[in-house]
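J.:
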Amino acid sequence: MIEASSLSFHYPGGASISFPDIRCDAGDQLLILGESGTGKSTLLQLLAGLRQPDTGSVRIHGTMLQDVPKVRRDQFRGQHIGLIFQTPHFLQALNVEQNIALAQRLAGKEVDLLRIHALLDKLGLLHRLNAYPRHCSQGEQQRISIARALINRPDILLADEPTSALDDRHCREVLHLLQEQAADCRSALIIVTHDQRIKDQIPHTITLERHV
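Using our numbering, count along the sequence shown one by one with no gaps and you end on 284.
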């Protein structure tokens, strides 16, 4: 499914960070814990192909991500990876339905309105179909970003700090939602966070240490 080996990344003027090897198969769940400055978000970006490692490789279904031509990498990512950022990013000129449909188009897929509607309904958002993201609450925007990440039935679901800004009840709800939806799609779920509240809810955990 996804394998990362011997990854390292050097920040200009900063330390070089080496990361532990990772392997996740369909349906696996992995939690990557670490305080600020340990490289959690950098690792997630390396796994998604948003950054290039200095050393090592990321393979998805045997394809080395770094070998995918840059002009095809966005489409490859859209076909195989669902990304959930800590702060949702939407095109504000598009409504909820159009933002999710755009994810299908960017992956080179036909727009499937029935799947969009069914997914939004499952997430309790069907009534926000024609709303614009700026008119949605923070919690609604987070669920919209989950719908967008899942729309192409990704092999890998990557979530960056999805619960750290939430109270305990909403933390549990979002984690359950991610696990449930990942299970429905048979996606490997990888969460990077400093939120210690969820460490006992994910079967496998890697802890990143601060580099001096």
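Built from N, CA and C at the ideal position, the CB exists for glycine as well.
1) How many Å lie between residue 91 and residue 115 at the Cα?
2) At a cut of 8 Å, does the region 266 to 283 reach the region 98 to 110 through at least three beta carbon pairs?
3) Flag this pair as yes or no: are the beta carbons of residue 153 and residue 230 separated by less than 8 Å?
4) Taking the alpha carbon of residue 121 as the point to measure from, which residue in 150, 110 and 98 has its own alpha carbon closest?
5) Under a Cβ-count criterion, where at least 16 other Cβ atoms within 10 Å of its own Cβ denotes burial, should residue 186 be classed as buried or exposed?
6) Could you check which residue in 157, 200, 246 and 253 has the C-alpha nearest to that of residue 269?
7) Taking the C-alpha atoms as reference points, what is the distance between residue 211 and residue 233?
8) Counting along the chain, where does the alpha helix (DSSP H) carrying residue 259 start and finish?
9) Might you give, ordered along the chain, the residues of its own chain that have their beta carbon closer than 6 Å to the beta carbon of residue 274, omitting 5 neighbours on each side?
10) Figure out for me which residue from 171, 146 and 145 has the closest Cα to the Cα of residue 200.
11) Which residues in the same chain have their Cβ closer than 8 Å to the Cβ of residue 243, if we skip the five residues on either side of it in sequence?
12) Given a cut-off of 8 Å, decide if residue 156 and residue 216 are closer than it, judged by their beta-carbon atoms.
13) Taking its Cβ as the centre, do 16 or more other Cβ atoms sit within 10 Å of residue 224, making it buried, or is it exposed?
14) What are the residues that DSSP puts in a beta bridge with residue 73?
15) Please state whether the Cβ-Cβ distance between residue 141 and residue 213 is less than 8 Å.
16) Buried or exposed for residue 177, please, with buried defined as at least 16 other CB atoms from any protein chain shown within 10 angstroms of its CB.
17) Mapping the DSSP letters down to three states, classify residue 237 as helix, strand or coil.
18) Using the Cβ count rule (16 or more neighbours within 10 Å means buried), how would you classify residue 124?
19) Runs of 4 residues minimum, wholly inside the region 156 to 180: which ones carry the alpha helix (DSSP H) assignment?
T.: Looking at the atomic coordinates:
1) Just so you know, the alpha carbons of residue 91 and residue 115 end up roughly 7 Å apart.
2) Contact holds between the region 266 to 283 and the region 98 to 110, because three or more Cβ pairs, one in each stretch, are under 8 Å apart.
3) In terms of Cβ geometry, residue 153 and residue 230 form a close pair [threshold 8 Å].
4) With distances taken between Cα atoms, residue 121 lies closest to 150.
5) Counting Cβ neighbours within 10 Å, residue 186 comes out exposed, since fewer than 16 surround it.
6) Across the set 157, 200, 246 and 253, the C-alpha of 246 shows the shortest separation from the C-alpha of residue 269.
7) Taking the straight line from one Cα to the other gives about 14 Å.
8) For residue 259, no alpha helix (DSSP H) encloses it, and the DSSP letter there is neither H nor E.
9) The residues are 101 and 103.
10) Checking every option, the nearest Cα to that of residue 200 belongs to 171.
11) In chain order, 235, 267, 269 and 270 place their CB closer than 8 Å to the CB of residue 243, counting only its own chain and leaving out the 5 sequence neighbours on each side.
12) Between residue 216 and residue 156, the C-beta gap is not smaller than 8 Å, which leaves the two residues out of contact.
13) Label assigned to residue 224: buried.
14) In DSSP, residue 73 forms no bridge with anything.
15) Going by beta carbons, residue 141 and residue 213 fall outside the 8 Å limit.
16) Counting C-beta atoms within 10 angstroms of its own C-beta, residue 177 has fewer than 16 neighbours from the protein chains shown and is therefore classed as exposed.
17) Three-state DSSP puts residue 237 in coil, outside helix and strand.
18) It is exposed - the Cβ of residue 124 has fewer than 16 other Cβ atoms within 10 Å.
19) The DSSP assignment places complete alpha helix (DSSP H) segments of no fewer than 4 residues inside the region 156 to 180 at 168 to 178, in order along the chain.
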